[in-house]
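Its first residue numbered 61, the sequence shown is counted upward by one per residue in the working numbering. Notes follow the structure.
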Amino acid sequence: MNSGPAPAGQTDKIYELTKQIKEYNTCPDLKCDISKIGTQKYTVEGGSEYVVEVIDSVKDYCQLMKEIFDFNALKAIITGSAGQKINLLVNSLSGGECMLVYYYIATPY
Numbered sequence: 061m062n063s064g065p066a067p068a069g070q071t072d073k074i075y076e077l078t079k080q081i082k083e084y085n086t087c088p089d090l091k092c093d094i095s096k097i098g099t100q101k102y103t104v105e106g107g108s109e110y111v112v113e114v115i116d117s118v119k120d121y122c123q124l125m126k127e128i129f130d131f132n133a134l135k136a137i138i139t140g141s142a143g144q145k146i147n148l149l150v151n152s153l154s155g156g157e158c159m160l161v162y163y164y165i166a167t168p169y
């Protein structure tokens, strides 16, 4: 994953698949509470079950990054508690990295 554009071959395949769609259904009366993390199940017209899963993408992303980086060591260097202090500039176009720094370095956990 490099945050760059998807390869043209991949997007071309997706486009070809979208041309095969003959119909789609909507649920205009569905009242889904997206403020609650978890799975919600609904019965829609025709008796079919419709499942909505709401996730905390920042938490999931941060958990993945914890497997790659030692945030305690980084925090110690940034705060100076490791004996050496550095200044850190976070320049993030997507915002996800800023949340990562805030979540694990700028705030206690």
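Here a beta-carbon is modelled for each residue, glycine too, at the ideal position from N, C-alpha and C.
Query, Result
"Tyr-169, buried or exposed, once every other Cβ within 10 Å from all chains shown has been counted against 16", "With a pLDDT of only 46 at Tyr-169, under the threshold of 50, the placement of this residue in the model should not be trusted; the figure read from the coordinates follows. Exposed is the call here."
"Cβ neighbour criterion (16 or more within 10 Å) applied to Cys-92", "exposed"
"Residue from Thr-86, Pro-65, Ile-115 whose Cα sits closest to the Cα of Glu-105", "Thr-86"
"Cβ contact check for the stretch 92-102 and the stretch 111-127: 3 or more pairs under 8 angstroms", "yes"
"Boundaries of the alpha helix (DSSP H) in which Lys-101 is found, first to last residue", "Not the alpha helix (DSSP H): Lys-101 falls in the beta strand (DSSP E), residues 98-103."
"Residues bridged to Glu-113 (per DSSP)", "Thr-99"
"Three-state secondary structure (DSSP) of Ala-66", "coil"
"Cα-Cα separation between Asp-187 and Thr-103, rounded to whole angstroms", "With the chain covering only 61 through 169, there is no way to say anything about residue 187."
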